[in-house]
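This report concerns only the one structure given below.
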Amino acid sequence: MVIKEEINGIEVVCETGEYYFSPKGVDRGTRLMLETVPVANGDKVLDLGCGYGVVGIYAAKKLGGENVVMCDILEDAVALSTENLTRNGIEGVRVLQSDGLRSIEDRDFTLILSNPPYHTDFSVAKEFIEDGFKRLKVGGRMALVTKRLDWYRNKLKTVFGGVKVFEKEDYYIFLSEKRAPRVEKVKKTQTLSKKLQRKYGNKGK
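Numbering (the numbering used here), first residue to last: 19 to 223.
Here it is in structure tokens:
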């Protein structure tokens, strides 16, 4: 099955299959995330859990393929995403088979986009968020779309220090930014020796 859809004025053409997530059209949550979170010039994007490649193709059409990396745990998804990139006339994208971010060596992404798979124990989402933080440069953003609110909001706050939540239809789009570590200012004081304190009546203390 081949689908053809337009997202923010960009046409995306993809072959899908019944064993892939949302095979009959672009998932509504994914579309809402892309409509909410800007992909801007200068971004380096990771499509985390790319499936058949919608997000990565969209980003590559905006930024150029050399600024996009796509990954999925499934070998078949990597192969199909690669075919779909060719179908859309895109070159230069790296498509990697990776269990989460374990095979991703880059640590300078400015935007990670993901519609994480559902697991009742949130194990995959936990790994995506914790490892995604490490792969972002300072000022980089992570965007997730889910139908669950509390766990994601709390986890992103814990890891990133803050999160914006956009509620659209029955989805939540989360956007967190990696901030520079705080540098605590240490106030330096000079204290005179006890002998000098007695001599100067503690005036130099």
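All residues carry an ideal CB built from backbone N, CA and C; glycine is no exception.
Note that the coordinates shown come from a computational prediction; the quantities given were computed from them, not determined experimentally.
- In this structure, the CA atom of M88 is about 11 angstroms from the CA atom of L103.
- Each residue's CA atom was taken as its position, placing I130 and V177 some 15 angstroms apart.
- Bridge pairing for M19: absent [DSSP].
- Per the C-alpha coordinates, the member of Y38, T138 and G67 positioned closest to Q115 is G67.
- In the displayed model, R200 falls within coil according to three-state DSSP, outside both helix and strand.
- Comparing alpha-carbon positions, the option among E53, Y70, D61 and R49 lying closest to Y38 turns out to be Y70.
- Nearest Cα to V57 within the set D90, G158 and T34: G158.
- Within the same chain, and ignoring the five residues on either side of L174 in sequence, the residues whose Cβ sits closer than 7 angstroms to its Cβ are I147, V181, F192 and S194.
- Comparing C-alpha distances from F127 to each of I21, V31, E145 and G60 shows the shortest one belongs to G60.
- Counting along the chain, the unbroken alpha helix (DSSP H) around E93 starts and ends at E93 to R105.
- Ranked by how close their Cα comes to the Cα of D124, the residues P135, G150 and N106 have G150 in first place.
- For E187, the closest alpha carbon among the candidates L81, P199, N26 and T54 is that of T54.
- Going by C-alpha positions, I25 is about 7 angstroms away from R49.
- Taking all protein chains shown into account, M19 has fewer than 16 neighbouring C-beta atoms within 10 Å of its C-beta and is therefore exposed.
- Residue range S141 to R153 is occupied by the alpha helix (DSSP H) that includes E148.
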